[in-house]
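Participant: Chains as they are written, first to last, in my numbering: chain E, 121 to 407; chain F, 92 to 423; chain H, 12 to 409; chain A, 1299 to 1419.
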Amino acid sequence: MTTSTPDETAASEPVADAGIAALAERVAGIAGSDSWTADFGNAKVRVDRSRWVEAVEAVRDEAGLEFFSFLSAIDWSNEVAVGEPLEDPVEERYEVLVRLSSGRDNDAVTLATDIPKDDARLPTLVGVYGGANWHEREAAEMFGIEFEGHPNSGKLYLTDEFEGFPLRKTFPLLSREIKPWPGMVDVEDMPSTENAESAAAASASPPGDAQEQAMPQGDTTKGDENPEADAGGGEQADSPPPTADRTDGVAAQLPSSAEGAAEVPTPQSPVPSEESEAGAPEDEATE
Amino acid sequence: MTSLVGIEINFYVLLTLKILAITGVVLTGILPIIFGELKISAHMQSRVGPYFAGGRWGWAQPLADGIKFFQKEDLVPAAADRQVYKLAPYLLMVSTLAVFVIIPFSPNLIAADLDLGIFFALAISSLSTLGVLMAGWSSGNKYSLIGGLRAAAQIIAYELPLVLAVIGVVIQAGTLSMVGIVEAQIDMGVPYLVGGQVIGFGIFFTASLAELNRTPFDLPIAESELVMGYLTEYSGFRFTTFFLAEYAGVFSISAIAATLFLGGYGFWGLDSTVFGPFVLVAKVGLLAFLMIWIRWTWPRMREDQLQTMAWKWLVPLALANIMVTAIFKVVF
Amino acid sequence: MSQALDPRAAAHVSEVAVSVELQTPGMTLNIGPQHPSTHGVLRLVAELDGERIVNVEPVIGYMHRGYEKLSEVRTYPQITALVNRIDWVSGFANEIPLMVAVERLMEIEVPERAQSIRLILTELARISSHLVFMSSYPLELGAATPLMHALREREHVLELIEGATGGRFHPNFNRIGGVKPAAGGGSTQKKVVQDLPKNFLAETRAAMDNVLEVCDDIDTLVTGNEIFQARTMGVAVLPADQALAYGVSGPNLRASGVAFDLRKHEDYLPYHKYDFDVVTGDNGDCFDRYRVRVEEVRQAARIVNQAIDDLPGGPLQAKVPRVIKVPKGETYVRAENPKGEMGYYLVSDGGRIPYRLKIRSASFSNLSILPWALKGLIVPDIIALLGSLDFVLGDVDR
Amino acid sequence: MSEYFDQYLTVLAFGAFGAVLVGGLLGLAALIRPSNPTPAKLETYESGIDPIGGGYSQTHIRYYVFALLFLIFDVEAVFLFPWALKIESLGAFALWEMFIFIAILLMGLVYAVRKGVLKWE
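(1) Kindly indicate which three-state DSSP category residue 306 of chain E falls into: helix, strand or coil?
(2) Indicate whether residue 319 of chain H and residue 212 of chain H have their beta-carbon atoms separated by less than 8 Å.
(3) List, in chain order, every chain A residue whose beta-carbon is nearer than 8 Å to that of residue 54 of chain H.
(4) Between F:308, F:188, F:369 and F:265, which lies nearest to residue 1387 of chain A when the distance is taken from Cα to Cα?
(5) To the nearest angstrom, how far is it from the Cα of residue 277 of chain F to the Cα of residue 198 of chain F?
(6) CB-CB under 7 Å to residue 269 of chain E, same chain, minus the five flanking residues each way: which ones, in chain order?
(7) Can you tell me which residues form a DSSP beta bridge with residue 243 of chain E?
(8) I need the straight-line Cα distance from residue 226 of chain E to residue 254 of chain H, nearest angstrom please.
(9) For residue 261 of chain F versus residue 1317 of chain A, is the C-beta distance shorter than 8 Å?
(10) Indicate whether at least one CB of chain A lies closer than 8 Å to the CB of residue 370 of chain H.
(11) Just confirm the distance between the C-beta atoms of residue 71 of chain H and residue 276 of chain E, as a whole number of angstroms; I'd bet it's less than 8 Å.
(12) Give a yes or no on whether the C-beta atoms belonging to residue 305 of chain F and residue 386 of chain F are separated by under 8 Å.
(13) So what does DSSP say about residue 328 of chain H, is it helix, strand or coil?
(14) Give the DSSP-derived three-state secondary structure of residue 419 of chain F in the structure shown.
(15) Tell me whether the segment 186 to 195 of chain F and the segment 215 to 225 of chain F touch, counting them as touching only if at least three CB pairs, one residue from each stretch, are closer than 8 Å.
(16) Just the Cα atoms here: how many angstroms apart are residue 180 of chain E and residue 250 of chain H?
(17) Let's test the definition: count the other Cβ atoms within 10 Å of the Cβ of residue 385 of chain E and tell me whether it reaches 16, buried, or not, exposed.
(18) Residues of chain F with CB under 8 Å from residue 1364 of chain A, in chain order?
(19) Checking 8 Å against the spacing of the C-beta atoms, do residue 282 of chain H and residue 399 of chain H come in under that value?
(20) List the residues of chain H whose Cβ lies closer than 7 Å to the Cβ of residue 162 of chain E, in chain order.
(21) Rounded to a whole number of angstroms, what is the C-alpha to C-alpha distance between residue 357 of chain E and residue 89 of chain H?
(22) Are the CB atoms of residue 161 of chain H and residue 139 of chain H within a distance shorter than 8 Å?
(23) So what's residue 487 of chain H in DSSP terms, helix, strand or just coil?
(24) Let me check understanding here. Comparing Cα to Cα, which of H:124, H:79 and H:100 lies closest to residue 109 of chain H?
(25) Could you check where the alpha helix (DSSP H) with residue 353 of chain H kicks off and where it finishes?
(26) I'd like to know whether the C-beta of residue 44 of chain H is nearer than 8 Å to at least one C-beta of chain A.
(27) Under a CB-based cut-off of 8 Å, is residue 66 of chain H close to chain A?
(28) Determine the chain F residues that contact residue 390 of chain H at a beta-carbon separation under 8 Å, and present them in chain order.
(29) Quick one: which residues of the segment 89 to 121 of chain H get their C-beta closer than 8 Å to a C-beta of chain F? List them in chain order.
(30) In this structure, how does DSSP classify residue 180 of chain E when only helix, strand and coil are distinguished?
(31) Is residue 250 of chain E close to chain H, meaning its C-beta is less than 8 Å from at least one C-beta of that chain?
(32) Could you check whether the Cβ of residue 290 of chain F sits closer than 8 Å to any Cβ belonging to chain C?
(33) With a 10 Å radius around its C-beta and 16 neighbouring C-beta atoms as the bar for buried, classify residue 1377 of chain A as buried or exposed.
(34) Check the Cβ of residue 264 of chain E against every Cβ in chain H and list those closer than 9 Å, keeping chain order.
(35) State yes or no: is the C-beta of residue 153 of chain H within less than 8 Å of the C-beta of residue 309 of chain F?
(36) Hey, residue 253 of chain E and residue 342 of chain H are a contact pair by Cβ (cut 8 Å); roughly how many whole angstroms apart?
Listed below in structure tokens is the structure:
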């Protein structure tokens, strides 16, 4: 049993963006790729699908990134059954991500590769990182990506009878099909004309003022009295009750109802919401 | 014809009286032990424990539990070996009660002062392991099976130190009779715990914990591993039988240990014929408290560690104890 | 599992072969999902040879709630309520990396006071999580009494969290750009901003004293106990290289001797302002995993005490738009949670809901080493290992 | 003879009483307890799911060697009891004889330990 303050970490300061860019460039060199980004503190190196395993292995051995953080995928799809569609059309593909980091310092890199949807196969990383086993099983059952050479390809979370790949964007969320989520109320218009008026005012005035005008009296404290309410309830408690005016369509239609709000520049919505309440103390503190 | 308190009574009447008297003593003995287990563990854990049943201190909690179990459905798993499954609690209870025959509550209050005395007790009490093994095997449950096998492994490890620890006492007392052993201690003036059998007592007490399947040797039950081990499938009053047998076992083994090492019914300056039962029960209470204390303090051992401890430490130590006692006996 | 990488596995395969020669067909035993020691609904299908494990296959997913999918239909503030249900033993800590990820993409600077409050509550969550471990681990090894003592102190810590946030398990206290005014005060109508309850700082200081005391108690009661040591020392050793390759993180990784603590390496909360040690073990056995956690409670109490002493003033919230729209971008923020590395890979396309939110939970990776680590152990050691990994099924299944 | 018989009759009576106690109480309980077995209730417990294979699957008893050792030493213990009773009258000769006996047995134990059979494998 030892307690230590490692020298190299004791003075660890927030990572400079330049450092991350340099790391990304270095790892890209090791992985044999020339495509990397370093936005938002995320060093991301894009490798070619054909070099996937050897690139990961090289990064582990030469860059010393021996900690396997996770492996997952993103379904880049223009057609969505849930959520909002992308603003700009993208190339249809799965992007497989693997996040590797060092076990000594703050070096960490995301390796990514694109695989086409009609040929969703990728060699397995189990031979490089033992931990890839479960993560690949998860990605396989959630996205329908086949990991070639995986020693145990059974389903991980889902039952064997389950059909479909839940995390694909085209996979509908059944509960939403049955009953649309009321949680979008915070971007919907309020029924009263008073609020509609203040909405106009809000879009023209700074946030602090809009806050006060739009605040229905006493409503925001309600959430405080009921802090243990469950997931949806807790959120809703802070907002005015959902009204007949809200969208009743299925989830796929939700975005269209929200488009109006989306067009207004921030701050858009006059409706007192989770955010508006959270913003309150700041406004007051600065006044 | 035998006499209890100097009056000639018909043997069978006397036998019935003895059975009733000893059942009474045992019941009044084990209910407080069960209640003590509930209360002592609670206070050790900064809890209150049972509080409502019976009004004051929740003293009626063991009774309430018993009545509750009385009303519970009694299930025999479809996969079980029915005969063996049903026989196991009988065997356990019979072997546990038969031990009470030789426990001397006073010079006269003993069901039968057998010549073989302690030897008989050791032989009969290990029969209970057979009951446990039967219960584990017949349940048709894998946890139970493992639990039963562990119980068998445990008795292999601990029966020997238990027996060997007693031999030291036998050498000192020169008799196997329980009354004889107590009288020898009264003659000597100090109990054998002080009079030369410290190691013997330690080994006997450790081994008796193992024999009773109590922590740290509760491997056959091992709730966090085997759920309830051999008891997993038992329900209702059949389960309660095991439960009662366990506490009756605590009572009987504590009584044997008290008789062998703590001077039994004897206490300086107290008349054994009158105060004997109270003295013995007090000593039993002391040992039972020790068992409860240990149970709620220590974690559980692993079976390989248990075997290692028994064979590498307790058996050689017990043999050494015998040799030293024998040398003292012969030389002095 | 790669044989080349894994000499232990190869050794076990040869052992199995020996058993086959002896013609002992194994017993297949289900441990879980309804079992006292599987922390919920983990199921292990163990092939046993006697009590020795030949092969074990963990089955998870009984609690899979699909949070990654659900996140794709919820606005960012709504997701907060989801994520603190991932590892419910330390609910508050789950929210932090998500908030930081959103704030990073939105380029919001969180006020110092909010950061410090987040830090204090995260450490309180760590203490409460580790106290659960310190109580349940001895129980799984058969000692029932430490449970009550550790849980009693945890109750006090939970009361502190409840006082500040209004919730014991699921605080839902973080807001994008800061924290919510506390349940006790915070009436916006009166224009009074009361963030922490009145006596919060004094009570926390007192609670930290008690926590340190219970750590000493547990040391006396458990750590020094010879049976406990015999049950845990040298049992289920995780070597550092394997632990890293499986993504085992947090105290489990540090117990294997790797001084890797994201509180030192990342800047998601201002940990660099405070003095604390990274606790590491020497052997990577169950005992070290236990020891590291007890020691981390002490370090966490140390951090809390320092953070209370110089709690900065100022606002609780940065200026944020009332509807959170996260600019287009991707980021990954990870944090040192009680169970290990908790991270969120957030992909935003500029809307109010994430396009993709990958939740990297610590227990999932920590548990994925089980098939490797369990081979060749005996049944009591399964429990020793499972308990020492300190996983929460909600954190595994998400 | 008669007293000997009486003593063991007492033992028998106690044993019988134990059996009657269990049987009687179980019978009494049977009068008031519900009995409503369903197939699900009669399923053996295996952590809440249907058992894999039977409960009587073959299993490897690791303590076979321990059992053999136990047998040897238990017989030794039976020899020790009469010796222990009479040691005072038998004197030093019996003492030495038994020491040799015990030493031989202990050598067996030491041999077993050195051979590694007391390792739980």
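Glycine included, every Cβ here is placed at the ideal spot set by N, Cα and C.
Facilitator: Reading off the structure:
(1) Because the pLDDT at residue 306 of chain E is just 49, under 50, the model does not fix this residue reliably, and the value given afterwards should be weighed accordingly. Here residue 306 of chain E sits in helix by DSSP.
(2) yes
(3) 1345 and 1347
(4) F:265
(5) 11 Å
(6) 243 and 244
(7) E:268
(8) 18 Å
(9) no
(10) no
(11) 7 Å
(12) yes
(13) strand
(14) helix
(15) yes
(16) 17 Å
(17) Unreliable positioning characterises residue 385 of chain E in this predicted model, as indicated by a pLDDT of 38, which lies under 50. The coordinate reading is nonetheless provided below. Flag for residue 385 of chain E reads exposed.
(18) 244, 247, 248, 398 and 402
(19) no
(20) 341, 342 and 343
(21) The pLDDT assigned to residue 357 of chain E is 38, lower than 50, so where the model puts this residue is not dependable; a value taken from the coordinates is nonetheless given after this. Distance between the alpha carbons of residue 357 of chain E and residue 89 of chain H: 12 Å.
(22) no
(23) A query on residue 487 of chain H cannot be resolved here, the shown segment of chain H reaching from 12 to 409 and no further.
(24) H:79
(25) That residue, residue 353 of chain H, is in no alpha helix (DSSP H); its beta strand (DSSP E) goes 351 to 359.
(26) yes
(27) no
(28) 237, 316 and 317
(29) none
(30) helix
(31) yes
(32) Of the chains in the structure shown, none is chain C; the protein chains are E, F, H and A.
(33) exposed
(34) Going along chain H, no residue has its Cβ under 9 Å from residue 264 of chain E, so there is no contact; the nearest lies around 14 Å.
(35) yes
(36) Not confirmed; about 26 Å, so no contact.
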